[in-house]
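Scroll down for the structure; my scribbles are underneath it.
2 protein chains.
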Amino acid sequence: MSVTAAKGFTAAGIAAGIKENGNPDLALVVNTGPRRAAAGVFTSNRVKAAPVLWSEQVLKSGQVSAVVLNSGGANACTGPKGFQDAHATAEKAAEVLGRGAIEVAVCSTGLIGLLLPMDKLLPGIETAAGTLSEHGGEKAAIAIKTTDTVHKTSVVTKDGWTVGGMAKGAGMLAPGLATMLVVLTTDAALESDVLDRALRAATRTTFDRVDSDGCMSTNDTVLLLASGSAEVTPEYEEFAEAVRQVCDDLGQQLIRDAEGASKDIKVEVINAATEDDAVEVGRSIARNNLLKCAIHGEDPNWGRVLSAIGTTSAAFEPDRLNVAINGVWVCKNGGVGEDRDKVDMRYREVHIVADLAAGSETATIWTNDLTADYVHENSAYSS
Amino acid sequence: MSVTAAKGFTAAGIAAGIKENGNPDLALVVNTGPRRAAAGVFTSNRVKAAPVLWSEQVLKSGQVSAVVLNSGGANACTGPKGFQDAHATAEKAAEVLGRGAIEVAVCSTGLIGLLLPMDKLLPGIETAAGTLSEHGGEKAAIAIKTTDTVHKTSVVTKDGWTVGGMAKGAGMLAPGLATMLVVLTTDAALESDVLDRALRAATRTTFDRVDSDGCMSTNDTVLLLASGSAEVTPEYEEFAEAVRQVCDDLGQQLIRDAEGASKDIKVEVINAATEDDAVEVGRSIARNNLLKCAIHGEDPNWGRVLSAIGTTSAAFEPDRLNVAINGVWVCKNGGVGEDRDKVDMRYREVHIVADLAAGSETATIWTNDLTADYVHENSAYSS
């Protein structure tokens, strides 16, 4: 049930007229308390959208009362006017909800370089506030979709407390930190520093390792809001694991819905000297267009895996590299291994293991194949 | 023409049966002297093909008598046997030509991870040697094609001396140094250290700035052979400029023939703090799949340019960035600039200017659009 699975939250999703096709495009998530601790992580793209710049300021206090999210426009590269619009959005929500604007985070997604239609967005906030509900999580998740074909939600319920959330993202999906909008909620009673620690730990190994198309967004935002409504303070480790599970589940949903993709590719790097090496190698493999095309064609072209590994600075010896595709070790000691005809690639999920034979660290990056449908979806119109 | 435009060289190109379709697949270039100075630059991919490892040894002496080149197989990731095969190839050519094997460079291109059919290659060298001719440059250029639709040659003739060359390359085209095979020849009388200096200077701003698909090859090789046959020793600056012109021309031919491409994109980064910054930004833009799709769709989607710039470590302020597409400044000061509908993108060449407003350095990277044809060509069969 998305962001309203945890107690102490209401949500709404409506069509405010920001999208020309009349689809839902405005979501509101409100923390009804008693607490309002929060944490957030944002894109590491140095070109940041106005709502990111605004929300980074909001999160400095560690307190978030409400989040306004819109699809239909990224409000990125829109200059001082764009920042004024993000600010005005927060002010309007604060006024309607009776909160302070500095506790209202704002998230936007859509085309870069266009100003938002504030004449539609501001009245929309008033309409959305009028439909806020403890069952509104689903509608909110639907309202933040862009090219997503399905809305994405996840919930983990533990002993007396819950972590839930929603996500959107289908293209420009290569986090640094996370190319997507995500709002997580919990009714656990926790302070913002604990939320921050758990959220950073979770995103580091989940959203941060989703790399569908190598393109980092200007609008990435992951927020975690805690209402304290459950009146339970879980152990840190247990809470952090619940947050990680929800992030992992949402990250998987993003990969499965990536634009034009026909394959979900799990790139597992093993026996690396360091975790950083494993991530660097995994990302290099995941971003290799030739390999992504080969996987699309169900061709276990391991030479393209080795050529991708060879561009990294990770510790390895070329003649000790091993590569398995769907369980068949097609490359051994940097050369020809088992018969590549043994590799069965009929299914959507493809598992590549790259063995660096240089240590004991590991990392897994998720990506997609490169398809004509991806090209079509990203060339036929602006997005 | 091609590698036989300069005096003191013979060449041949034949079908040795390495390619199953019977197309030409073996080329031989021989320096008939009187000098045999040479220089070479090779892929910086750490997974290097056997012929690259062999030829790197050959070039250490600064002397090359002959080059054997084959298409139909990269001889990469083939282990000790692959290296033995590269060595045996050089030995065979040395025997047939009456030279030392350590003066015979070897280049291979084709699928990674397959051993070469030596039972066809070695007799082929004998056949090729029997057809060596001062007019064989064209045939040699044809024999090294893989997915190239046309063969590539270039010649610059100066006062009494000449620089000519041939190149192949259409995919896995993202140099570090150059994802291609190139053999350049000159009849100028120059020592190997001068050749090396001129070649490195030329490739740094030509092949090194061609980035069609972001995928770095295991087999890149650029060789420059000098016969001294013209008995002229040109001034260094004049010679280096001639080499640069030939490299630039061949690099342009590679971009124009890139797999599946419908657009050639010139990414010009200006007003960078350093040349390295300009190259980093240019490469980031050139490798952005979403932008490459947009260009394919003739969509001047400058937001994708800014999101690519934002992932770099170059010096810039987001609100001072400017972007022009085909002469229209669609982004000014990090926000909306001139009307994007003014951008005419009907022609094959697209010119993107990214103004970092952070200094006075510049660099130009050439790339292509991302098309369904590229996906098809790289997914429908192994290459």
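Just so you know, the sequences run in chain order A and B. The opening residue of the first sequence carries number 1012 in my numbering; numbering runs sequentially from there. The opening residue of the second sequence carries number 1012 in my numbering; numbering runs sequentially from there. Virtual Cβ for every residue (Gly too), placed ideally from N, Cα, C.
- The beta carbon of residue 1384(B) sits closer than 6 angstroms to the beta carbons of 1271 from its chain, once the five residues preceding and following it are set aside; these are given in chain order.
- For the set 1031(B), 1330(B), 1323(B) and 1023(B), the Cα lying nearest the Cα of residue 1131(B) is the one of 1031(B).
- Cα atoms of residue 1099(A) and residue 1205(A): separation of roughly 30 angstroms, rounded to the nearest angstrom.
- Sequence-distant partners of residue 1196(B) (beyond 5 residues in either direction) whose C-beta falls short of 6 angstroms from its own C-beta, in its chain, are 1014, 1017, 1020, 1175 and 1236.
- A direct Cα-to-Cα measurement between residue 1156(A) and residue 1326(B) gives close to 34 angstroms.
- The three-state reading of DSSP puts residue 1200(A) in coil, since its state is none of H, G, I, E or B.
- Collapsing the DSSP output to three states places residue 1157(A) in coil.
- In the structure shown, residue 1362(A) adopts extended strand secondary structure according to DSSP, grouped into three states.
- Residue 1025(B) is positioned such that its CB atom lies no closer than 9 angstroms to that of residue 1116(B).
- Contact annotation: residue 1316(B) and residue 1369(B) have beta-carbon atoms that are not nearer than 9 angstroms.
- Within 7 angstroms of the CB of residue 1382(A), the CB atoms of chain B belong to 1386, in sequence order along the chain.
- Contact check for residue 1193(A) and residue 1212(A): beta-carbon distance about 15 angstroms, past the 8 angstroms limit, so the pair fails to qualify.
- Bounds of the beta strand (DSSP E) holding residue 1333(B) are 1333–1336.
- Per DSSP, reduced to three states, the secondary structure at residue 1343(A) is strand.
- Shown here for residue 1361(A): same chain residues with a beta carbon closer than 6 angstroms to its own, the five before and five after excluded, namely 1274, 1276 and 1306 in chain order.
- Sequence-distant Cβ neighbours of residue 1373(B) in its own chain, meaning closer than 8 angstroms and more than five residues away, are 1279, 1280, 1281, 1282, 1283, 1286 and 1289.
- One finds 1317, 1318, 1320, 1321, 1329, 1332 and 1345 in chain A with Cβ atoms closer than 8 angstroms to the Cβ of residue 1058(B), taken in chain order.
- Residues of the region 1299–1312 of chain B with a C-beta atom less than 7 angstroms from some C-beta of chain A are 1299, 1300, 1301, 1304, 1305, 1307, 1308, 1310 and 1312, listed in chain order.
- One alpha carbon belongs to residue 1379(B), the other to residue 1234(B), and they sit about 25 angstroms apart.
- The beta carbons of residue 1295(A) and residue 1058(B) sit about 11 angstroms from each other, so the pair does not count as a contact at 8 angstroms.
- Across the set 1103(A), 1172(A), 1259(A) and 1219(A), the C-alpha of 1259(A) shows the shortest separation from the C-alpha of residue 1163(A).
- Nearest Cα to residue 1297(B) within the set 1103(B), 1153(B) and 1219(B): 1219(B).
- Annotation: the continuous alpha helix (DSSP H) that includes residue 1303(A) extends over 1300–1307.
- Judged by DSSP secondary structure, residue 1103(A) falls within the alpha helix (DSSP H) whose first and last residues are 1090–1108.
- Using beta-carbon distances, residue 1389(A) counts as an interface residue toward chain B, with a partner under 9 angstroms.
- Only residues of its own chain outside the window of five on either side were considered, and among them 1250, 1251 and 1254 have a CB closer than 6 angstroms to the CB of residue 1209(A), listed in chain order.
- Legend: CB atoms of the region 1086–1104 of chain A lying less than 9 angstroms from CB atoms of chain B belong to residues 1087, 1088, 1089, 1090, 1091, 1092 and 1093.
- The Cβ neighbour count for residue 1091(A), taken over all protein chains shown within 10 Å, is under 16; the residue is labelled exposed.
- Contact between residue 1151(B) and residue 1335(B) is absent: CB atoms are separated by about 41 angstroms, not below the 8 angstroms threshold.
- Contact with chain B is found for residue 1342(A), since one of that chain's Cβ atoms lies less than 9 angstroms from the residue's Cβ.
- At least 9 angstroms separates the beta-carbon of residue 1094(A) from that of residue 1127(A).
- Residue 1200(B) sits away from residue 1082(B), with the two beta carbons spaced by 9 angstroms or more.
- Distance from residue 1038(A) to residue 1080(A) at the Cβ level is roughly 4 angstroms; contact confirmed, criterion being Cβ atoms closer than 8 angstroms.
- By the rule that beta-carbons nearer than 9 angstroms mark a contact, residue 1132(B) does not touch chain A.
- DSSP lists no beta-bridge partner residue for residue 1070(A).
- Judged by their CB atoms, residue 1027(B) and residue 1036(B) are nearer to each other than the 9 angstroms cut-off.
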